[in-house]
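A short write-up of the structure that comes next.
There are 4 protein chains.
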Amino acid sequence: MNDIKEITDALIKFRNERDWEQFHNPKDLSLGISIEAGELLEQFLWKDSPNANTEKVKEELADVLAYAFLLAEKYDFDVKKIVLEKIRKNSEKYPVDKAKGTAKKYNEL
Amino acid sequence: MNDIKEITDALIKFRNERDWEQFHNPKDLSLGISIEAGELLEQFLWKDSPNANTEKVKEELADVLAYAFLLAEKYDFDVKKIVLEKIRKNSEKYPVDKAKGTAKKYNEL
Amino acid sequence: MNDIKEITDALIKFRNERDWEQFHNPKDLSLGISIEAGELLEQFLWKDSPNANTEKVKEELADVLAYAFLLAEKYDFDVKKIVLEKIRKNSEKYPVDKAKGTAKKYNEL
Amino acid sequence: MNDIKEITDALIKFRNERDWEQFHNPKDLSLGISIEAGELLEQFLWKDSPNANTEKVKEELADVLAYAFLLAEKYDFDVKKIVLEKIRKNSEKYPVDKAKGTAKKYNEL
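Residue numbers (this note's numbering), protein chains in the order written: chain A, 1 to 109; chain B, 1001 to 1109; chain C, 2001 to 2109; chain D, 3001 to 3109.
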């Protein structure tokens, strides 16, 4: 069994044992991702990257990933497929010869 | 090769071809996650879940996941391990007998 | 003295008494806004608007506003002027005859 | 008339001309704040504060403020009162003698 399937199964088991599927609609799962992304961001507030607490970053990132996997499952998205597809699209928006070494957005290249 | 390793390798290849590693410090990757989480959230603004555009949700969720995998790689976190560990911790914060069927936060159970 | 000036003065006084201006660069103040916006959002997670806790909404909204006023002050923006200017711009993007009664984004009108 | 009342009146007028009150429930207004906070944050992605585009920061901050004022209005909160009250509470959480010159969170002081 692949990793993402294994993680998703564990998340679904945790959710179902608590009868939480009733709350997990896509809109609220997206709120969950944003909220946890904010808690992750808080680990870097007023400081540079090296001063963030690695353990806390780990926990908040895990929360972001958990809701992201649950949202993917809700839509029956294949996580590997949608990320690889996005990379392919971004390869067109950010061609190597124009994007190399610059942090500009594609519409400013 | 497992899925997450395969996705991460593709992200790193895309990044390195563009010489973008110089920009990808943990703080800015966390900004990236929050920004993309906001774009995901926008798909649900002023509407209920069923009225969101599935294609757009897919693309924005892929962006959230891409930055999340890149941040995990930056810290050398094992995605499967950190999410399963978080589920274990949450199992203690949300014991089934107290948390079943309620959306309350652990400190209100 | 107008309200916004009075609020901003109180925020600056609070900040300076703690010698916090050194941390309050525009980037980190923007992180602050996003983080507090996430805490505000959390008040609505898994629930409809009427079930949110008004006291907590009040506190989190106050935090968002505090950082927003501090960021405006940092750039010497006139809050009234920039919001009224944005309304004027949005009036062009969302002309009444096209936008009335629909939640569509301007590029879909 | 004070500034905040004047801004809020202009926002309500803009909203009502478009018959948008039906969409502006507190939960979705909070989504709006988070989404715009993400767009503000994007102005600082991969860069330090001085390299952000001031005009764009101004526009995104105006959007955050607009939704924040609309949410305050929805709850009939007095913006000045709730921010001053929050400063008072924070003065207790962050006493000058402990908080001076440090960016630590109150629970770590």
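Where a beta carbon is used, it is the ideal one built from N, C-alpha and C, also for glycine.
Using a Cβ-Cβ distance under 8 angstroms, would residue i count as near chain D?
| i | result |
| --- | --- |
| Ala130/A | Given a span of 1 to 109 for chain A in the structure shown, any question on residue 130/A remains unanswerable. |
| Trp46/A | yes |
| Ser49/A | no |
| Ala99/A | no |
| Ile1035/B | yes |
| Leu2109/C | no |
| Glu2039/C | no |
| Glu1059/B | no |
| Lys2056/C | no |
Pick from the options: whose alpha carbon is nearest that of residue i?
| i | options | result |
| --- | --- | --- |
| Ala1010/B | Gly101/A, Lys89/A and Lys104/A | Lys89/A |
| Phe3023/D | Glu2017/C, His2024/C and Ser2049/C | Ser2049/C |
| Glu1021/B | Leu1070/B, Val1079/B and Thr1054/B | Leu1070/B |
| Glu2092/C | Leu2109/C, Glu2039/C and Lys2081/C | Leu2109/C |
| Val2057/C | Lys3100/D, Ile3033/D and Lys3098/D | Ile3033/D |
| Glu2059/C | Gly3038/D, Asp3028/D and Ile3082/D | Ile3082/D |
| Ala68/A | Glu17/A, Ile35/A, Leu41/A and Lys47/A | Ile35/A |
| Lys3047/D | Asp1078/B, Leu1031/B and Leu1041/B | Leu1031/B |
| Thr2008/C | Lys3013/D, Lys3100/D and Leu3084/D | Leu3084/D |
| Leu1061/B | Glu6/A, Phe77/A and Arg18/A | Phe77/A |
| Lys2100/C | Glu3017/D, Glu3006/D and Gly3101/D | Glu3017/D |
| Arg2015/C | Thr2102/C, Glu2055/C and Ala2066/C | Ala2066/C |
| Val2096/C | Glu3006/D, Asn3002/D and Asp3019/D | Asp3019/D |
Compare the C-beta of residue i against all C-beta atoms of chain C and say whether one is closer than 8 angstroms.
| i | result |
| --- | --- |
| Asn3053/D | no |
| Leu65/A | no |
| Glu17/A | no |
How far does the alpha helix (DSSP H) with residue i in it extend, from its first residue to its last?
| i | result |
| --- | --- |
| Asp3028/D | Pro3026 to Glu3042 |
| Thr1054/B | Thr1054 to Tyr1075 |
| Ala1099/B | Val1096 to Ala1099 |
| Arg3088/D | Val3079 to Lys3093 |
| Leu1011/B | Asp1003 to Glu1017 |
So with Cβ pairs under 8 angstroms, would you call residue i a contact of chain B?
| i | result |
| --- | --- |
| Ser2091/C | no |
| Leu70/A | no |
| Ala3062/D | no |
| Asn25/A | yes |
| Asp3003/D | no |
| Glu6/A | yes |
| Glu3042/D | yes |
Say yes only if the C-beta of residue i is nearer than 7 angstroms to one or more non-hydrogen atoms of the ligand GDP, and no if none qualify.
| i | result |
| --- | --- |
| Pro3095/D | With respect to the ligand GDP, the structure shown offers nothing to examine, as it has no ligands at all. |
Within a Cβ cutoff of 8 angstroms, which residues of the same chain sit near residue i, ignoring the five residues on either side of it in sequence?
| i | result |
| --- | --- |
| Pro26/A | Leu71, Lys74 and Tyr75 |
| Lys2098/C | Leu2109 |
| Glu1039/B | Glu1060 and Asp1063 |
| Thr102/A | Leu109 |
Is there a Cβ from chain A that is less than 8 angstroms from the Cβ of residue i?
| i | result |
| --- | --- |
| Phe2077/C | no |
| Ile2082/C | no |
In chain order, what residues of the same chain have a beta carbon less than 7 angstroms from the beta carbon of residue i, not counting five sequence neighbours either side?
| i | result |
| --- | --- |
| Phe1044/B | Ala1052 |
Residues in the same chain with beta-carbon distance under 6 angstroms from residue i, minus the five sequence neighbours each way, listed in chain order, please.
| i | result |
| --- | --- |
| Ala2037/C | Val2064 |
| Lys2986/D | A query on residue 2986/D cannot be resolved here, the shown segment of chain D reaching from 3001 to 3109 and no further. |
| Ile2004/C | Val2079 |
| Leu94/A | Here the sequence assigns Tyr to residue 94/A, which means Leu is not the residue at that position. Hits under 6 angstroms: Tyr106. |
With 16 as the cutoff for other CB atoms within 10 Å, does residue i come out buried or exposed?
| i | result |
| --- | --- |
| Tyr1111/B | Here chain B has residues from 1001 to 1109 only, and residue 1111/B is not among them. |
| Lys2013/C | exposed |
| Lys2086/C | buried |
| Asp1028/B | buried |
| Glu2042/C | buried |
Would you say residue i reaches chain E, if we count a Cβ-Cβ gap shorter than 8 angstroms as a contact?
| i | result |
| --- | --- |
| Tyr106/A | In summary, chain E is missing from the structure at hand, where the protein chains are A, B, C and D. |
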